[in-house]
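Residue numbers (my numbering), protein chains in the order written: chain H, 75 to 245; chain Z, 233 to 888; chain C, 117 to 215. We treat Cβ as the ideally placed atom computed from N, Cα and C, and that holds for glycine. On a predicted model such as this, the values are computed, not experimentally measured, just so you know.
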Amino acid sequence: MSHPALASYAAQNVAFWIIAIPMAVAAIGVVSMKNIVHAALALVIVLGGVAAQFLLLQAEFIGIVQILIYIGAVVVLFLFGIMLTRAPMRKTGEFDNDQRILAGLVSLLIFGVLASLLSSQFSGDELRLGQPTPTASIADSVFRTYVVGFEVVSMLLLAALVGAIVLARRD
Amino acid sequence: MADKAWLIPLLPALSFFVILFFGKKLPKGGSESGILAVAASFVLAVIVAAQWISDGNIVDQHLTWWSNGRVHITIGQHVDGLTAMMFVVVTFVSLMVHIYSTGYMHGDERFTYFFAALSLFTASMLFMVLADNLLQLMIGWELVGLCSFMLIGHWFEEKNNSSAALKAFFTTKFGDIGLMLGIITMFFAAGQTFHIETINRLALTGGISHGMLLAGALLLFLGVMGKSAQFPLHIWLPDAMAGPTPVSALIHAATMVVAGVYLVARAYGVFWEGFSIGHGGLNWMAFIAGITMIIAAGLAFVQDDIKRVLAYSTVSQLGYMVAALSVGAWTAGVFHLFTHAFFKGLLFLGSGSVIHAVHSNNMSEMGGLKKYMPTTYWTFVIATLALAAIFPFAGFWSKDEIILGAVKNGYPYIVVLGLIGAFMTAAYMGRCVFLTFHGEYRGHGHPHESPRSMSVPLVLMAIPSAFIGLINMPGVEKFTDWVRFEVPGVQAEVVKEHHFNPGLAIFSLAIAVAGLLVSAMVFYWKNAPAKGAWTRVPAFRALNTFLVEKYYLDHIFVDGVVGAIKGPIARAAYWVNQNVIDGVVNAVGVGAKAVGRFTYDVIDQKGVDGVVNGIGIGASETGGVLRLVQSGRVQQYALMLFAAVGLLGLALILFT
Amino acid sequence: MPVTQYLLLSAFLFCTGVYGVLARRNGVLVLMSIELMLNAVNINLVAFSARLSDAAGQVFALFVIAIAAAEVGVGLAIVLLIYRNRVAVNLDEIDLMKG
Chain H
75 MSHPALASYA AQNVAFWIIA IPMAVAAIGV VSMKNIVHAA LALVIVLGGV AAQFLLLQAE
135 FIGIVQILIY IGAVVVLFLF GIMLTRAPMR KTGEFDNDQR ILAGLVSLLI FGVLASLLSS
195 QFSGDELRLG QPTPTASIAD SVFRTYVVGF EVVSMLLLAA LVGAIVLARR D
Chain Z
233 MADKAWLIPL LPALSFFVIL FFGKKLPKGG SESGILAVAA SFVLAVIVAA QWISDGNIVD
293 QHLTWWSNGR VHITIGQHVD GLTAMMFVVV TFVSLMVHIY STGYMHGDER FTYFFAALSL
353 FTASMLFMVL ADNLLQLMIG WELVGLCSFM LIGHWFEEKN NSSAALKAFF TTKFGDIGLM
413 LGIITMFFAA GQTFHIETIN RLALTGGISH GMLLAGALLL FLGVMGKSAQ FPLHIWLPDA
473 MAGPTPVSAL IHAATMVVAG VYLVARAYGV FWEGFSIGHG GLNWMAFIAG ITMIIAAGLA
533 FVQDDIKRVL AYSTVSQLGY MVAALSVGAW TAGVFHLFTH AFFKGLLFLG SGSVIHAVHS
593 NNMSEMGGLK KYMPTTYWTF VIATLALAAI FPFAGFWSKD EIILGAVKNG YPYIVVLGLI
653 GAFMTAAYMG RCVFLTFHGE YRGHGHPHES PRSMSVPLVL MAIPSAFIGL INMPGVEKFT
713 DWVRFEVPGV QAEVVKEHHF NPGLAIFSLA IAVAGLLVSA MVFYWKNAPA KGAWTRVPAF
773 RALNTFLVEK YYLDHIFVDG VVGAIKGPIA RAAYWVNQNV IDGVVNAVGV GAKAVGRFTY
833 DVIDQKGVDG VVNGIGIGAS ETGGVLRLVQ SGRVQQYALM LFAAVGLLGL ALILFT
Chain C
117 MPVTQYLLLS AFLFCTGVYG VLARRNGVLV LMSIELMLNA VNINLVAFSA RLSDAAGQVF
177 ALFVIAIAAA EVGVGLAIVL LIYRNRVAVN LDEIDLMKG
């Protein structure tokens, strides 16, 4: 029977899955594609998908920030890095090292552990999505409750900026 | 006083030390200390004897010197009639000998040493007599043996003298093996005690099995055979005459040699039960004593040396004493010991006087001394008559009692031998007297009577030789009262005292007189039909040789026993030593070396070092393997990190 | 809608990122994989924030984004330096710390 809330839940579920599947495929692509630029582009898809998920979860501010920072800046940084380090653009089989099998096993192991833990703990929990989170409340949290953390992060960003410049400078 | 009897041996012992340290400085060379001590002991001995006669209480006390569980080593005193008698005898004769020696040993270079030894001897003999336990008795026994050795070899510059001393020592020591084993046997048989009274009591009341008693008695008797010169261990006594005559008088006539007889008398319970003396017939002790009596008397006939005659006579008389004890005539045997001390001591002192005068021991160089040395002559005659058992002198009473005891207790063997021995005793002593004092002087010097220091003791000794026998005369019989074998707490009538038998007494007297007459006849009857028969008839010549050679016993002992030991047995022992013992030792050494080599090569080099090296190599190998983990590659580290996390998570899930 | 599907998605992304960190040879690719992991965490945080209706989860996600950006910057600078020292940026060959 169709309940309006259920209907919206059902819609959100479907939307989730529609976004999650490409994300997953793209994630696998990031770690397995032979062409590095293709891997970077797959990363873009993943990051976009993450932003979409955020929006689905009514976290609008974070979603937008994600798009701005990650897709806007980080991926560009990656592309510049690829260019500057003259990574081979063509398809090569050299991007995977010797321990990929063990790595696969380990990651599967961790996935198994995490999945079982999470599903056993939170199996019955339901998300009640109401209104989108007002940005004002986030701002309140940042500048009231977590203001120290905010300051520290700004310090960190400054340090990272200066450090990156110092490191990469040609002298 | 009797409980202070330990003073009696103590005084001569102190004198020994005084003479040892100060003797040379004393004006009379130490003899005054000796004489004083022995005289004091004599006085004390008389007092003890008087006390015993008056109250008759046995004193038996001891101090425990050392104990360990059940075993107690004690030192003590046992004073009864036998002890008191021995005290009197030993101190008296010793005193006479001391006085005599001041004259006889005058000018001797070891005068002081001689007196020290005399004091030590007297002290040891008295200590032995006083003993209440076998261990103490043995100590005294050994000490007198030591003094005998010292004194026989007094003039040790001559090889003969030192050889004689050694012979005496070894022969008695051989007997002492039996003594020691016997003491050990009795110790265990009597429940781990050395106490003589206890042993006697247990023996007489059936507390010890007959087998043990027989064994103990046989072993102890071996010691007696050695010390009291019974056949076949009598060989040392004649050779011991190499010592100075006072020594012979004191030790080898009156006192030390009777130590064996004393032991039998003291521990009589053991012998009485062990040898079943009460049953008559024959026992081992009687058998040996009988042989001793006769063969020694036989040997006395062919001696030229006057001291040797007396020595064999002593052996024969010791045989009488042991025979008496072996037939159950305890009092007779002890009485004979008592009288014999006086007259034999006197005989020796007299012979010493003669030797001193003519400067020779041999009777062939004497003769006709009657007119030169009247005192010596008459005292010698008194002693001879006493020895030959002529009425009323001392020996008559004592020897007569022995034969009486043998008759009454049913030992015909001893009776016959005793009577034959009496005849022979009279005969050889008669021969001795005639050769020495009668006839013409055959020597070279000018014999003269001895000085007063020597002749006075002779007279003093002659008095008891003559009269002391009378104290046991029928009607008097004081000796039997005073000196008897008794063990407190035992009612057994061990020794049956027999009263005087006039018939037997006259018979034995007649035999003795006959002996004297025969010797007189041989000496005086110049044209006797049998004169010269001794040397002419081959049978007699052979007998003479046999006797002169002392029945070839010395040859048997020296060539037979000693030679066998020196030759084959020593060689066999040497072979065993070289091949067997050395073989074993060498094998052990080689074996030890092989073990050592094995230990070194295998265990140490390979085993231990292998383990140690192995640990080192293992550590470095492990390090080498672990080193590979650090490849320097970050991703590898990351892999390990994540793997660990995953596994920990897994563990978390699975176990919680 | 059930929370678990977000959580599972986040777990999946995280493990993929782990695989990439461990298995990729190029430094830049490793950094990309790290980004994957960080994003997975972000999803988790925001999902729980929605679940618990607490904005704190989103604040943390914000901080994570900021830090991730800083880290990528520095990381790429290091990769550039490696590139200058050796022409290839092959993580396999950087083993100076080899024991």
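Give the list of continuous beta strand (DSSP E) stretches no shorter than 3 residues that lie fully inside the segment 791-847 of chain Z. none
Go through its chain and collect everything with a Cβ distance to Leu413 (chain Z)'s Cβ below 6 Å, but skip five positions before and after it. Leu451.
C-alpha distance - Leu324 (chain Z) paired with Pro689 (chain Z), whole-angstrom precision: For clarity, residue 324 (chain Z) is Phe in the given sequence; the question names Leu instead. Whole-angstrom Cα-Cα distance: 10 Å.
So, helix, strand or coil for Ser76 (chain H), using DSSP? With a pLDDT of only 46 at Ser76 (chain H), under the threshold of 50, the placement of this residue in the model should not be trusted, and no figure is reported.
Three or more C-beta pairs under 8 Å: does that hold for the segment 665-685 of chain Z against the segment 600-620 of chain Z? Verdict: yes, contact present.
Using a Cβ-Cβ cut-off of 6 Å (strictly less than) and excluding sequence neighbours within five positions of Val479 (chain Z), which residues of its own chain qualify? Same-chain partners within the cutoff: Leu383.
DSSP beta-bridge partners for Glu200 (chain H)? DSSP, once it has assigned bridges, lists C:Pro118 as partnering Glu200 (chain H).
Contacts around Ile251 (chain Z), its chain only, beta-carbon distance under 7 Å, and the 5 residues preceding and following it disregarded: Excluding its 5 nearest sequence neighbours in each direction, Ile251 (chain Z) has C-beta neighbours in its own chain below 7 Å: Gly262, Ser265, Gly266, Thr344, Phe347, Ala348 and Ser351, listed in chain order.
At which residues does the alpha helix (DSSP H) containing Thr403 (chain Z) begin and terminate? Unbroken alpha helix (DSSP H) run through Thr403 (chain Z): Lys391 to Ala421.
Considering only residues of the same chain and omitting the five flanking positions on each side of Phe128 (chain C), which have a CB-CB separation below 7 Å? Closer than 7 Å at the Cβ level, and outside the excluded window around Phe128 (chain C), lies no residue.
Given that Leu880 (chain Z) touches chain C, what residues does it touch there, using C-beta distances under 8 Å? By Cβ distance, chain C contributes nothing, its closest Cβ being about 15 Å from Leu880 (chain Z), past 8 Å.
I'd like to know if Leu871 (chain Z) contacts chain H, where contact means its C-beta is closer than 8 Å to some C-beta of that chain. yes
To the nearest angstrom, report how far apart Val745 (chain Z) and Pro720 (chain Z) are at their CA atoms. 43 Å
For the segment 503-586 of chain Z, which segments carrying the beta strand (DSSP E) assignment without a break, of at least 3 residues, lie completely within its bounds, in sequence order? Qualifying beta strand (DSSP E) stretches: none in this window.
Length of the line joining the Cα atoms of Ser181 (chain H) and Phe874 (chain Z): 8 Å
Quick one: Cα of Pro244 (chain Z) to Cα of Trp807 (chain Z), how far? 51 Å
When the cut-off is 8 Å and only beta carbons count, does Phe887 (chain Z) lie next to chain H? no
When DSSP labels each residue in this structure, what does Arg302 (chain Z) get in the three-state scheme? coil
Can Thr571 (chain Z) and Glu681 (chain Z) be called in contact, C-beta distance under 8 Å? Cβ distance not < 8 Å, so Thr571 (chain Z) and Glu681 (chain Z) don't count as in contact.
Taking the alpha carbon of Asn365 (chain Z) as the reference point, which residue from Z:Gly301, Z:Phe353, Z:Gln283 and Z:Ile415 has its own alpha carbon closest? Z:Ile415
I need the straight-line Cα distance from Leu692 (chain Z) to Leu569 (chain Z), nearest angstrom please. Taking the straight line joining both Cα atoms gives about 18 Å.
Taking the CB atoms as reference points, tell me whether Gly377 (chain Z) and Thr403 (chain Z) lie closer together than 8 Å. The answer is no: Cβ separation not under 8 Å.
Let me see if you follow: with CB-CB separation under 8 Å, is Arg218 (chain H) close to chain C or not? no
Hey, is Asp211 (chain C)'s beta-carbon within less than 8 Å of any beta-carbon in chain H? No - not a single Cβ of chain H is within 8 Å of the one on Asp211 (chain C).
Judging by CA-CA distance, which residue of Z:Ile797, Z:Phe406 and Z:Val590 is the nearest neighbour of His678 (chain Z)? Out of Z:Ile797, Z:Phe406 and Z:Val590, the CA that lies nearest to the CA of His678 (chain Z) is found in Z:Val590.
Of all the CB atoms in chain H, is at least one closer than 8 Å to the CB of Gln862 (chain Z)? no
Separation of Gly701 (chain Z) from Pro624 (chain Z), as counted between CA atoms: 8 Å
Which word fits Val226 (chain H), buried or exposed, when buried means at least 16 other C-beta atoms lie within 10 angstroms of its C-beta? exposed
Taking the Cβ atom as the reference point for each residue, do Phe176 (chain C) and Leu152 (chain C) lie within a distance shorter than 8 Å? Taking 8 Å as the Cβ cut-off, Phe176 (chain C) and Leu152 (chain C) do not qualify as a contacting pair.
Counting only C-beta atoms, is Ile102 (chain H) closer than 8 Å to chain Z at any point? no
Kindly list, in the order they appear in chain H, the residues whose Cβ is closer than 8 Å to that of Met148 (chain C). Val104, Ala113, Ala114, Leu117 and Phe152, listed in chain order.
Using the beta-carbon of each residue, which ones in chain H are nearer than 7 Å to Val175 (chain C)? Ile212, Ser215, Val216 and Tyr220
Measure the CB-CB distance between Thr524 (chain Z) and Phe463 (chain Z) and report whether it falls below 8 Å. yes
Using the rule of at least 16 other Cβ atoms within 10 Å of the residue's Cβ for burial, across every protein chain shown, is Ala238 (chain H) buried or exposed? Within 10 angstroms of the beta-carbon of Ala238 (chain H) lie 16 or more other beta-carbons, which makes it buried.
Pairs of beta-carbons, one from the segment 283-300 of chain Z and one from the segment 645-657 of chain Z, closer than 8 Å: are there three or more? no
For Leu242 (chain Z), which three-state DSSP category applies? helix
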